[in-house]
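Novice:
Chains as they are written, first to last, in the numbering used here: chain U, 1489 to 1787; chain C, 37 to 594.
Right, dumping it as structure tokens:
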């Protein structure tokens, strides 16, 4: 009797074990399906105007944080460079690393960090090197890409002096009732480029007033600027963190292609202060080849 | 969080109601044991070495375990408090609470556990739930576990639960079954055979609700909600000889760790060892391919791991030899390790009066070979099978290699000496995630001598020297420790980065520490500077930031 019970029990366990084998889902190719943000019905592609003058634009990423005392000075430096170079310089303030961590209580509870910003910071090792630090077109990777604010001006001029291989155009359409943003980016290849190219599109916001630590009297009150205006803050990526592929090594480029991104704007962001920033980079060297920005609400 | 408190309150209430009604039955003969540890650090900023200013000035990690056993019944809980977590530990631990509690009972055949539990199937390649306080690592499972031994030599286990994620639970459900069969106990009950064979197998499946994950061009991934993994293992032994092996395979499991590829994962571990009096040798080999297995697809940190991939490298204890520890690469690695231990007999020329112990160890880890899929130029493209990889092929460069030799000799009743040499190759770009940095090649020498002054007093002197042209260059460390057994010890040490290529960064890291032990209570106090680095246990690592200040550790058990 005892043996029969044992056999039954063992059979039961064996059967339940076998049934567990069904607890896995084998996925067959294709592993992807069309996503909503690719939806050109919701975001019909507009006509792009013809380009008359080709321009090289450079991306300056300022890695910063609200408890970083030397960062306001660096932000002013970036702002001055923007005044000098106008639309040829695209700014991105990436809040990431130790100094960007929000505190549980007190003044610095806002979390300005973003998934993309955190991933870039880890990959490029900027937080580890300390803030403020930045990258100009991500040139110099892997050994020499981290540029201190003192080196920004020279690096920007050097980068601007090279010829553009790619042209970027951007048209944004915004529907305030749905908070729907349609961002269209046209990538035009000036010549055939044999590189693995990726396009990253992100959203930034300016005019955010929040406390910032500071130790430079010329940049504001010390040790704290209570109503500091945070500009060009990286909010979120419209593409994935490392972007969409727009060119493959070993395959001929089309003359141009258009990428469309649909994005619902977060309720906390002020649309009138938001800008879309796009840049194309070489996936092997990480160097940014061209950048562009345009406001969410275009005139 | 709230549910944890509710349960804790309920558990206490039930416990006390038992106390009043069935006090005789359940508490008689019961035993309570436990332990406590507190680590606190007072921080002082030191911008030169990169020690940040800490707003709270002081931070603390502490925990207490309580365990109640009574015959076949046991129950336990652990209180943890991080106010706030020590630098280098995940900030998400901030707070206090009871993240671990369980009740368990057993009879001859069954053992049932509800609440939280730790478990390991085989070598852990498909399931290992464990805790490592030095890393701030805890992937305990909350749910139910049943262990069943229907016959001698047979152990079956089944479990289901979710995993700890700081003060919350991860989103995935883990289900597992494991069987272990000691064939000699089943078929050779009299024990006639000298050769022993044990076989085992496991199956683990995780469930996580579907979500939207975008790849290139905004396409959505077609995700599996359930992912299964299985493993088979054996252990063969005869006298001093033993051979172990385990093979594990995992179904399509796109995750942010593997960049959302759909290739099956697999891992093979083989280990042979032989030991006899005065001699031991062990050889092991491992291949890991796409075997990160977490109960959340988008998790990238040291959390929510369902499995554990054993590290085939020696874990070093001296500070400079542990400066470049290996962190396992779950996306792919080929590893080999061999170690020989030999004792030169006493009474011989080299053995002297007490004998001489020699240990030689070598390990090497390389990437796996990855070939792009036909029709593709790149590997690891999200939303594809990723790559093809020949099973026995080693990748081109080494992530890590370590040759080390250690000789220990006792000269007389009062003096013993350890001398050690290490030669390391360490791909810091991959292991520590600092892209672009040059591969570190280091030679390390260690001399450690202990001299007994009296029956109770001893002086230990350590000299460590690390030579490298890469990373931060050469390091030197001296340590002197005075012990007054069994209660006191005092240590003074200095690490000096005299060879830093940046002359302004040639810092000293001096520390002073003292410890007092009484019974099962131990208090230690350390004052000084700590260099930035990484600490690894079993190939799982965390960063340790530079710090400066006073550290207090108190441990106690009863």
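From the three backbone atoms N, C-alpha and C, an ideal C-beta is built for every residue, glycine too.
Is the beta carbon of residue 148 of chain C closer than 8 Å to that of residue 165 of chain C?
Specialist: Position 129 of the second chain holds residue 165 of chain C. Position 112 of the second chain holds residue 148 of chain C. Against a cut-off of 8 Å, the Cβ pair of residue 148 of chain C and residue 165 of chain C comes out as no contact.
Novice: Could you say which of U/1775, U/1728 and U/1554 lies nearest to residue 1591 of chain U if we only look at CA atoms?
Specialist: Indexing the first chain from 1 puts residue 1591 of chain U at position 103. For the residues U/1775, U/1728 and U/1554, the minimum Cα distance to residue 1591 of chain U belongs to U/1554.
Novice: How about residue 127 of chain C: is its C-beta nearer than 8 Å to some C-beta of chain U?
Specialist: The count along the second chain starts at 1 and reaches residue 127 of chain C at position 91. It does; some Cβ of chain U falls within 8 Å.
Novice: Residue 223 of chain C: which of C/188, C/418, C/179 and C/257 sits nearest, CA to CA?
Specialist: The residue given as residue 223 of chain C occupies position 187 in the second chain. The shortest Cα separation from residue 223 of chain C among C/188, C/418, C/179 and C/257 belongs to C/188.
Novice: Locate the alpha helix (DSSP H) running through residue 1611 of chain U, then write down its first and last residues.
Specialist: Here residue 1611 of chain U refers to the residue found at position 123 when the first chain is read from its first residue. Looking at the DSSP string, the run of the alpha helix (DSSP H) that includes residue 1611 of chain U is 1603-1612.
Novice: Taking 8 Å as the limit between beta carbons, can you name the residues of its chain near residue 180 of chain C, skipping five residues before and five after?
Specialist: Against the second chain, residue 180 of chain C aligns to sequence position 144. Cβ neighbours of residue 180 of chain C beyond the five flanking positions: 148, 149, 150, 195, 196 and 197.
Novice: Per DSSP, which residues does residue 1661 of chain U bridge with? Please list them.
Specialist: As a first step, residue 1661 of chain U is located in the first chain; it is residue number 173 there, counting from the start. Paired residue(s): U/1670.
Novice: Drop a sphere of 10 angstroms on the beta-carbon of residue 544 of chain C, count the other beta-carbons inside from all chains shown, and report buried for 16 or more, exposed for fewer.
Specialist: One-based indexing of the second chain puts residue 544 of chain C at position 508. That one is exposed.
Novice: Just to confirm the assignment, what range does the beta strand (DSSP E) spanning residue 1642 of chain U have?
Specialist: Along the first chain, one-based indexing puts residue 1642 of chain U at 154. Looking at the DSSP string, residue 1642 of chain U is not in any beta strand (DSSP E); the run it does join, the alpha helix (DSSP H), is 1637-1648.
Novice: What are the residues that DSSP puts in a beta bridge with residue 531 of chain C?
Specialist: Start at 1 with the first residue of the second chain, and residue 531 of chain C comes out as number 495. In the DSSP output, where bridge partners are listed per residue, residue 531 of chain C has C/513 and C/545.
Novice: For residue 319 of chain C, I'd like the list of residues in its chain whose CB is within less than 6 Å of its CB, leaving aside the five on either flank, ordered along the chain.
Specialist: Within the second chain, the letter at position 283 stands for residue 319 of chain C. For residue 319 of chain C, where only same-chain residues beyond five positions count, the Cβ hits under 6 Å are 308 and 374.
Novice: Please confirm if residue 1736 of chain U has its CB atom under 8 Å from at least one CB of chain C.
Specialist: Here residue 1736 of chain U refers to the residue found at position 248 when the first chain is read from its first residue. Yes, residue 1736 of chain U counts as interfacial toward chain C.
Novice: Can you find a C-beta in chain C that's less than 8 Å from the C-beta of residue 1511 of chain U?
Specialist: By 1-based counting over the first chain, the position of residue 1511 of chain U is 23. Yes, residue 1511 of chain U lies at the interface with chain C (some Cβ there is under 8 Å from its Cβ).
Novice: Does DSSP put residue 222 of chain C in a helix, in a strand, or in coil?
Specialist: Taking the first residue of the second chain as position 1, residue 222 of chain C is located at position 186. It is helical.
Novice: Could you tell me which chain U residues have their CB closer than 7 Å to the CB of residue 251 of chain C, listed as they occur along the chain?
Specialist: As a first step, residue 251 of chain C is located in the second chain; it is residue number 215 there, counting from the start. Simply 1520 and 1728.
Novice: Could you please tell me which residues of the region 1626-1637 of chain U, in chain order, have their CB closer than 7 Å to any CB of chain C?
Specialist: Answer in chain order: 1629, 1630 and 1631.
Novice: Would you give the residue range spanned by the beta strand (DSSP E) that residue 135 of chain C belongs to?
Specialist: Within the second chain, the letter at position 99 stands for residue 135 of chain C. Unbroken beta strand (DSSP E) run through residue 135 of chain C: 131-142.
Novice: What whole-angstrom Cβ distance do residue 190 of chain C and residue 157 of chain C have, given they're in contact under 8 Å?
Specialist: The sequence position of residue 190 of chain C within the second chain is 154, counting from 1. The sequence position of residue 157 of chain C within the second chain is 121, counting from 1. Not a contact, Cβ separation roughly 15 Å.
Novice: Would you mind stating whether residue 1580 of chain U and residue 1720 of chain U have Cβ atoms separated by less than 8 Å?
Specialist: Residue numbering aside, residue 1580 of chain U sits at position 92 when the first chain is read from its first letter. Residue numbering aside, residue 1720 of chain U sits at position 232 when the first chain is read from its first letter. In contact: residue 1580 of chain U and residue 1720 of chain U (Cβ atoms closer than 8 Å).
Novice: Pull up the distance between the alpha-carbon of residue 1706 of chain U and that of residue 1568 of chain U, whole angstroms please.
Specialist: Reading the first chain from its first residue, position 218 is the one you call residue 1706 of chain U. Reading the first chain from its first residue, position 80 is the one you call residue 1568 of chain U. Approximately 14 Å, taken between the alpha carbons.
Novice: Given a cut-off of 8 Å, decide if residue 1565 of chain U and residue 1625 of chain U are closer than it, judged by their beta-carbon atoms.
Specialist: Within the first chain, residue 1625 of chain U is the residue found at index 137, counting from 1. Within the first chain, residue 1565 of chain U is the residue found at index 77, counting from 1. No, the Cβ-Cβ distance between residue 1625 of chain U and residue 1565 of chain U is not below 8 Å.
Novice: List the endpoints of the continuous beta strand (DSSP E) containing residue 1718 of chain U.
Specialist: Reading the first chain from its first residue, position 230 is the one you call residue 1718 of chain U. Segment 1712-1718, the beta strand (DSSP E) holding residue 1718 of chain U.
Novice: Within 8 Å, do at least three Cβ pairs link the region 478-491 of chain C to the region 452-461 of chain C?
Specialist: Contact holds: three or more Cβ-Cβ distances are below 8 Å.
Novice: What is the DSSP secondary structure of residue 1559 of chain U, counted as helix, strand or coil?
Specialist: Here residue 1559 of chain U corresponds to residue number 71 of the first chain, with the count starting at 1. Helix at residue 1559 of chain U.
Novice: When the Cα atoms are used, what is the spatial distance from residue 99 of chain C to residue 1557 of chain U?
Specialist: Here residue 99 of chain C refers to the residue found at position 63 of the second chain. Here residue 1557 of chain U refers to the residue found at position 69 of the first chain. Each residue's Cα considered, the two are about 35 Å apart.
Novice: Please check if any C-beta of chain C sits within less than 8 Å of the C-beta of residue 1551 of chain U.
Specialist: The sequence position of residue 1551 of chain U within the first chain is 63, counting from 1. No, because no Cβ of chain C sits closer than 8 Å to the Cβ of residue 1551 of chain U.
Novice: Taking a cut of 7 Å between CB atoms, which residues from the region 257-268 of chain C lie near chain U?
Specialist: Within the region 257-268 of chain C, the residues whose Cβ lies closer than 7 Å to some Cβ of chain U are 257, 258, 260, 261, 262, 263 and 264, listed in chain order.
Novice: State buried or exposed for residue 426 of chain C, treating a residue as buried only when at least 16 other CB atoms are found within 10 Å of its CB.
Specialist: The residue you call residue 426 of chain C lines up with position 390 of the second chain. Looking at its Cβ environment, which holds fewer than 16 other Cβ atoms inside 10 Å, residue 426 of chain C is exposed.
Novice: For residue 202 of chain C, name the three-state secondary structure that DSSP assigns.
Specialist: Taking the second chain and counting its residues from 1, one reaches residue 202 of chain C at position 166. In this structure, residue 202 of chain C counts as coil in the three-state DSSP scheme.
Novice: Work out the CA separation of residue 1729 of chain U and residue 566 of chain C for me, nearest whole Å.
Specialist: Counting from one through the second chain, the residue named residue 566 of chain C turns up at place 530. Counting from one through the first chain, the residue named residue 1729 of chain U turns up at place 241. Approximately 34 Å between the Cα atoms of the pair.
Novice: Using Cβ-Cβ distances below 8 Å, what residues of the region 1578-1592 of chain U are close to chain C?
Specialist: Residues passing the 8 Å Cβ filter: 1586, 1589, 1591 and 1592.
Novice: Hey, how far is the Cα of residue 1524 of chain U from the Cα of residue 90 of chain C?
Specialist: Indexing the first chain from 1 puts residue 1524 of chain U at position 36. Indexing the second chain from 1 puts residue 90 of chain C at position 54. At residue 1524 of chain U the pLDDT is 43, less than 50, meaning the model places this residue with poor confidence; the figure from the coordinates comes in the next sentence. Cα-Cα distance, rounded: 45 Å.
Novice: Going by Cα to Cα distance, which pick from C/504, C/497 and C/533 is closest to residue 519 of chain C?
Specialist: Position 483 of the second chain, counted from the first residue, corresponds to residue 519 of chain C. Looking at the Cα atoms, C/497 is the closest of the given residues.
Novice: So that I know if they touch, is there some Cβ in chain C lying closer than 8 Å to that of residue 1611 of chain U?
Specialist: Position 123 of the first chain holds residue 1611 of chain U. Closer than 8 Å: yes.
Novice: What does the alpha-carbon distance come out to for the pair residue 376 of chain C and residue 385 of chain C?
Specialist: Counting from one through the second chain, the residue named residue 376 of chain C turns up at place 340. Counting from one through the second chain, the residue named residue 385 of chain C turns up at place 349. Each residue's alpha carbon lies about 21 Å from the other.
Novice: Count the CB pairs spanning the region 398-407 of chain C and the region 357-376 of chain C that are closer than 8 Å, and state whether there are at least three.
Specialist: Counting Cβ pairs under 8 Å, three or more are found: they touch.
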